[in-house]
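Add 2 to a position in the sequence shown, counting from 1, and you land on the number used in our numbering. Even for Gly, the Cβ is constructed at its ideal location relative to N, Cα and C.
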Amino acid sequence: MLTEKQLSTGEMTLNYVEGDDRGAPLVFIHGIGGRWQQWSQEIGLVSHAWHPYAVDLRGHGRSSSAETGYKFGDYPRDIISLLENAVDGPAVLVAHSLGAVTTVGVASERPDLVRAVVLEDPPIFSHQRLGRSRRADEFGWIQDLGRKKLEISEMIPLIAEKYPDQDAAEVRSRAIAYKGLDPEVYSPTLDGSTMDGFDAEARLAAIRCPALLLQADPEHGAAMTNEEAERAAGLIPDCTLVQMKDVGHGIHRGDPVNFRRAMFDFLDTI
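This is the structure in structure tokens:
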């Protein structure tokens, strides 16, 4: 059973869920524009042998907005607070996109709190080319939608038009996620300030725990090029790089079978 809880970090209120304790702690962290529920299937699969947690990042889901900002260097403080105050023992962090960059920050700052990391297609270098990408246009569209403060019923047809390949359940899930989103989470990415004070190469090199780096297929919208993935893997002292084929940035949703195989193969080694 999952229990939803809140933690005051001193900067904001962090919303998270905790499952039954059947093993070592494992924390799931979503990407930008998401919420903890995007990991619900994976939570169920690990619950037999782990103590699962999942968190809403600042400005997402039921976590509060944060006046202190939404840059890459801001998010790790919240997860460190969660690990210090709500999680018993060093945890495995399984994280997607922004959550994976956040995890790099946590593992590099507080290695005592992190047992291992699974990094799903982190956009840790892609800021250098975001301004020329379709993802920047998408982020701007989501931010504009959020600023309109529409109701769920008003957002659904707009999202369905924007994502015609997604079914009605996926569209509704997006609408609920966007409804709970502070649209300003996109501002640092769009204005180019998201990396301020965050040295990606130094952070990656400072990770001391085992890491699984999953790269999506560049032909299907990956956040990392092959060169970036290989550079990141080379910087982390103990890193296993798996380059996924025929799947885009959201690997755990787009190819759940192979994502889970890689995740469990890795978990079995730590």
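So, is residue i buried or exposed, given that buried needs 16 or more other C-beta atoms within 10 angstroms?
i       : result
Tyr-165 : exposed
Arg-205 : buried
Phe-200 : buried
Asn-17  : buried
Leu-5   : The sequence given here has Thr at residue 5, not Leu. Burial call: exposed.
Leu-239 : Sequence check: residue 239 is Pro here, not Leu. By the neighbour-count rule (16 or more Cβ atoms within 10 Å), Pro-239 is not buried but exposed.
Met-226 : buried
Asp-248 : exposed
Met-2   : The question about residue 2 has no answer here: the residues shown for the chain are numbered 3 through 272.
Can you tell me the Cβ-Cβ gap for residue i and residue j, rounded? I've got them flagged as a contact below 8 Å.
i       : j       : result
Val-108 : Leu-100 : Their Cβ separation, rounded to whole angstroms, is 13 Å, which puts Val-108 and Leu-100 out of contact at 8 Å.
Ser-67  : Asp-193 : About 18 Å; that fails the 8 Å criterion.
Ala-138 : Asp-123 : Between Asp-123 and Ala-138 the Cβ distance is about 17 Å, and since that is not below 8 Å, they are no contact.
Tyr-72  : Val-187 : 5 Å
Arg-37  : Gly-182 : 6 Å
Phe-268 : Ala-202 : The pair is not a contact, with the Cβ atoms about 22 Å apart (cut-off 8 Å).
Ile-209 : Val-106 : 7 Å
Under DSSP, the alpha helix (DSSP H) around residue i begins and ends at which residues?
i       : result
Glu-111 : 100-111
Pro-78  : 77-87
How is the beta strand (DSSP E) around residue i delimited, first residue to last?
i      : result
Leu-47 : It is not in any beta strand (DSSP E) - Leu-47 instead sits in the alpha helix (DSSP H) that spans 42-48.
His-53 : 52-57
Tyr-18 : 15-20
Leu-9  : 5-10
inquiry  = What ranges does the alpha helix (DSSP H) occupy inside the region 203-270, keeping only unbroken runs of at least 4 residues that lie completely in it?
reply    = Taking only runs of at least 4 residues, the alpha helix (DSSP H) segments lying wholly in the region 203-270 are 228-237, 253-256, 258-269.
inquiry  = I want to know whether the region 21-28 touches the region 48-64 - three or more CB-CB distances under 8 Å.
reply    = Verdict: yes, contact present.
request  = Spell out a yes or no on whether the region 6-15 and the region 73-91 are touching, meaning 3 or more CB-CB pairs, one atom from each, closer than 8 Å.
outcome  = Because the criterion of three Cβ pairs below 8 Å is met, the region 6-15 and the region 73-91 touch.
query = Should the region 69-77 be regarded as contacting the region 160-176, the criterion being three or more beta carbon pairs within less than 8 Å?
reply = Contact between the region 69-77 and the region 160-176 is absent, because fewer than three Cβ pairs lie under 8 Å.
request  = Would you list, in sequence order, the uninterrupted beta strand (DSSP E) runs of no fewer than 3 residues that lie entirely inside the region 116-199?
outcome  = For the region 116-199, whole beta strand (DSSP E) runs of length 3 or above, ordered along the chain, are 116-122.
message = Whether or not the region 233-243 and the region 195-215 are in contact is what I'm after, with contact meaning three or more pairs of Cβ atoms, one per stretch, closer than 8 Å; do they touch?
response = The region 195-215 vs the region 233-243: in contact.
ask   = Are there three or more Cβ pairs, one per stretch, closer than 8 Å when the region 112-121 is compared with the region 59-74?
value = By the C-beta criterion, the region 112-121 is judged not to be in contact with the region 59-74, since fewer than 3 inter-stretch pairs fall below 8 Å.
inquiry  = When you compare the region 250-264 with the region 140-149, are there three or more beta-carbon pairs, one atom per stretch, that lie closer than 8 Å?
reply    = Per the Cβ contact rule, the region 250-264 is not in contact with the region 140-149 (fewer than 3 Cβ pairs under 8 Å).
message = I'd like to know if the region 151-159 and the region 175-183 are in contact, where contact means that at least 3 CB-CB pairs between them fall below 8 Å.
response = Yes, the region 151-159 touches the region 175-183.
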